[in-house]
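Colleague: Questions regarding the structure given below will be posed in turn.
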Amino acid sequence: MNKMGSTSLNVFMKCSKQFNTTHYGCGPLTLAENSKKERYTRATVPCGKCIHEALQDRVKKHAPLAACGGVSDSNPTGFNSFMQLDYNRGEDECIFPQMTALEEIHREYPHATLILLSRPLNDWINSVNHWQDLRQRFIDCNYEDLPTGKGRNPFQLQSWVCNHIARVRQFVKDHPTHALIELNLYDTKQADYYLSRLLLGASQGTKCFGKANQGDKQEEKKKSK
């Protein structure tokens, strides 16, 4: 979900040096190439758009993540960690694979670990409001539980997020081969500890998790006063 800490999570994955991780951009990029980049993976095409096109190709029937640089038998050094799969440019470019393509992702990676970061919803809406025209793009798009024209009322956005979280929880319950990790974006020490233990097998936190976007850092400072 936009503005829910995907950049912070991507920084953790890169810092751990155990994942070939991508944030927003997809396409062929080996771990060696990726490790030279500091925070963001700038590959050839937005992940959401790439996944959408792969799913639309009914002839070739692509596995969507593998078609977008994900690890596979033919690409063993591909991405094994994806952050921010959505592609949202308003109107007809409103793509949220993490909402609409969970079954396809399950068929491709039936043992994938899913991670949900959360923050107070009023803070999230404030962050959305200050990130370019993201609020208007949400309003213009036609998403499940948030049809075109909805989203001006903050409660509509809050309900949309809550429904997404409930949907992911139910999905993991229905597909028990997956693990689900839920963390509070603001509790960086706890998030670092559990991600380090569960994903890296570390006995303690690795200090790899922290907010990466300046706007989030400023909000956290306000809360600590």
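First residue of the sequence shown? That's 31 in my numbering, and the numbers climb one at a time after it. Virtual Cβ for every residue (Gly too), placed ideally from N, Cα, C. Since the structure is predicted, the reported quantities are computational estimates derived from the model, not experimental observations.
Please name the residue, chosen from His205, Lys33 and Gln86, that lies closest to Tyr139 on a Cα-to-Cα basis.
Modeller: As a position in the sequence shown, residue 139 is number 109, starting the count at 1. For the residues His205, Lys33 and Gln86, the minimum Cα distance to Tyr139 belongs to His205.
Colleague: From Glu83 to Ala97, what distance separates their C-alpha atoms?
Modeller: Your numbering for residue 83 matches position 53 in the sequence shown. Your numbering for residue 97 matches position 67 in the sequence shown. The alpha-carbon of Glu83 is positioned some 9 Å away from that of Ala97.
Colleague: Determine, using beta carbons only, whether Pro106 and Leu115 come nearer to each other than 7 Å.
Modeller: Mapped onto the sequence shown, residue 106 falls at position 76. Mapped onto the sequence shown, residue 115 falls at position 85. No, Cβ-Cβ distance for Pro106 and Leu115 is not below 7 Å.
Colleague: With distance defined between alpha-carbon atoms, name the residue in Arg165, Ala209, Leu210 and Tyr216 nearest to Pro150.
Modeller: For the purposes of this step, residue 150 is taken as the residue at position 120 of the sequence shown. For Pro150, the nearest C-alpha among the options comes from Tyr216.
Colleague: With a CB to CB cut of under 6 Å and the five nearest residues on each side skipped, what residues in its chain are close to Tyr223?
Modeller: As a working note, residue 223 is residue 193 in the sequence shown. Within its own chain, the residues whose Cβ lies closer than 6 Å to the Cβ of Tyr223, once the five positions on either side in sequence are excluded, are Gly235, listed in chain order.
Colleague: Which class does Pro184 belong to by DSSP, given the choice of helix, strand or coil?
Modeller: Reading the sequence shown from its first residue, position 154 is the one you call residue 184. It is helical.
Colleague: With a threshold of 16 other CB atoms inside 10 Å of the CB of Phe168, please say whether the residue is buried or exposed.
Modeller: Numbered from its first residue, the sequence shown carries residue 168 at position 138. Burial call: buried.
Colleague: Applying the criterion that 16 or more other CB atoms from any shown protein chain within 10 Å of the CB defines a buried residue, is Ser104 buried or exposed?
Modeller: For the purposes of this step, residue 104 is taken as the residue at position 74 of the sequence shown. So Ser104 ends up on the exposed side.
Colleague: On a Cα-Cα basis, can you pick out the residue from Glu123, Cys77, Leu85 and Ala131 that is closest to Phe112?
Modeller: Taking the first residue of the sequence shown as position 1, residue 112 is located at position 82. Looking at the Cα atoms, Cys77 is the closest of the given residues.
Colleague: By how many angstroms is the C-alpha of Ser226 removed from the C-alpha of Asp122?
Modeller: Locating residue 122 in the sequence shown gives position 92, where the first residue counts as 1. Locating residue 226 in the sequence shown gives position 196, where the first residue counts as 1. Approximately 39 Å between the Cα atoms of the pair.
Colleague: Grouping DSSP H, G and I as helix and E and B as strand, with all else coil, what is Thr130?
Modeller: As a working note, residue 130 is residue 100 in the sequence shown. Helix, per DSSP.
Colleague: Leaving aside the five residues before and after Ser102 along the sequence, list all residues of the same chain whose C-beta is less than 8 Å from its C-beta, in chain order.
Modeller: Residue mapping note: residue 102 aligns to position 72 of the sequence shown, counting from 1. Once the five neighbours on either side are set aside, the close Cβ partners of Ser102 are Ala93, Ala96 and Gly108.
Colleague: Where do the ends of the alpha helix (DSSP H) carrying Met43 lie?
Modeller: Taking the first residue of the sequence shown as 1, we reach residue 43 at position 13. From DSSP, the alpha helix (DSSP H) with Met43 extends over Ser36 to Ser46.
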